[in-house]
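Residue numbers for the sequence shown follow the numbering used here, beginning at 56 and rising by one.
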Amino acid sequence: MVRDFGITEKGEKTNLYELKNANGMTVCVTDYGAAVVSVYVPGQDGRVRDVVLGYDCARDYEAGGQSLGATVGRVANRIGGAQFTLNSQTYTLVQNDNGNNLHSGPDVYNHRLWDVKEADERHIVLHLFSPDGDQGYPGSLDITVTYSLDEGNGLRIHYEAEAEADTIVNMTNHSYFNLNGHDSGDVLEQELWLGADAYTRADEESIPTGEIVDVAGTPMDFRARKPVGRDIQADYEALNYAGGYDHNWVLNEGGFRKVGGFSCEESGIGMDIYTDMPGIQVYSGNFLDRERGKEGALYGKHQGICFETQYFPDAVNKDNFVSPIVRGKEKAVSDTSYVFSF
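If you want it as structure tokens, here you go:
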């Protein structure tokens, strides 16, 4: 099913596409920003909840600055000093985050209209062409993002980006999850576990220092399931710098595997996280501040949490991090899946 999602300020017509399965799940995706707008999941009390934060129309996504549901690229997260060197040439990006570059902004992919190549009740394929020099990066990039919903209640996101010349690619999804419903308050009592023995230490500007820190004995240890809010106000460097969780965890093992789980006792809804990426940025909505969302909701601090699967932040400038470099004529391919239980 396809519905009108409004006209952008540029006069572009946008649409909202619905994916459905036989278990009562519905996922809504818009071609504006290739964003996830809604994920409807039945709770154990029989009530269907929309468990991601979002906006009502394309104009609101244009105006919004919190990347709700966004497809982020060409490079997600931060690049220190807003520059990097590739093949002995230094590239300068826009400084949009304390002298650094965040999410390749300000000309972000989630403020662009994507082409829909395929769409039915089970999947949607969206396409974007990023030319050479776009956002300051070398080489053109031909990108497809596929969302699919299966009978196992998995929302899978498949990324393919073919590079015309050597470049860097690190794409992710920036959905904010609240398993009690997008308008239900904060997520601090909802529980999280992560298959990660370490995280990447960062400075006051959230740029990794290059150090890999063991989570044992710290508030960053989610190897045993615990409420998001249990340690979020601990007097700990990482939390003090970020005002909560906004950090990259070093995921254990490799390949496509389960790396975490999130759950809400009140709704009875759970969500497992799978990816083939080496890291995951967990962001606890520290800077949400009366953001006006869907159905008149006002999203405040910690009302949603993001699980951004990724290469490590600033990886292009850290020799000990897995490299995000993609060579010319090659493809960057990755998969992430959010699998719901109810």
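Backbone N, C-alpha and C define an ideal beta-carbon position, used for all residues, glycine too.
Give the C-beta separation of Phe60 and Leu74 to the nearest angstrom, bearing in mind that I take them to be a contact with Cβ-Cβ under 8 Å.
-> At roughly 15 Å, the Cβ-Cβ gap does not stay under 8 Å, so Phe60 and Leu74 are not in contact.
Can you say whether Ala370 is buried or exposed, counting buried as having 16 or more other CB atoms within 10 angstroms of its CB?
-> Looking at its Cβ environment, which holds 16 or more other Cβ atoms inside 10 Å, Ala370 is buried.
Mapping DSSP to helix, strand and coil, what is Tyr338?
-> Residue state, collapsed to three classes: strand.
Whose CA, out of Val82, Gly316 and Gly355, lies closest to the CA of Ile324?
-> Ranking the options by Cα distance to Ile324, first place goes to Gly316.
Helix, strand or coil at Arg114 according to DSSP, with G and I counted as helix | Looking at Arg114 - three-state DSSP - the assignment turns out to be helix.
How many Å lie between Phe395 and Gln144 at the Cα?
-> If I take the Cα positions, the gap works out to 45 Å.
Going by Cα to Cα distance, which pick from Asp238, Arg211 and Leu294 is closest to Asp327?
-> Nearest of Asp238, Arg211 and Leu294 to Asp327, Cα basis: Arg211.
Take Pro263 as the anchor and find which of Arg133, Val84, Ala125 and Gly119 has the nearest alpha-carbon.
-> Comparing Cα-Cα distances from Pro263 to each of Arg133, Val84, Ala125 and Gly119, the minimum goes to Arg133.
Roughly how many whole angstroms lie between the Cα atoms of Ala352 and Asp238?
-> In a straight line, the C-alpha of Ala352 is about 6 Å away from that of Asp238.
Find out if the Cβ-Cβ distance for the pair Asp390, Thr330 is shorter than 8 Å.
-> Remark: C-beta atoms of Asp390 and Thr330 approach each other more closely than 8 Å.
Taking C-beta to C-beta, are Ser185 and Leu196 nearer than 8 Å?
-> For Ser185 and Leu196, yes; Cβs fall inside 8 Å.
Opening and closing residue of the alpha helix (DSSP H) in which Tyr366 lies | From DSSP, Tyr366 is part of no alpha helix (DSSP H); its letter is neither H nor E.
Would you call the CB atoms of Leu141 and Leu123 closer than 8 Å?
-> One thing to note: Leu141 has its Cβ no nearer than 8 Å to the Cβ of Leu123.
From what residue to what residue does the alpha helix (DSSP H) around Ala352 run?
-> Where Ala352 is concerned, there is no enclosing alpha helix (DSSP H), given that its DSSP letter is neither H nor E.
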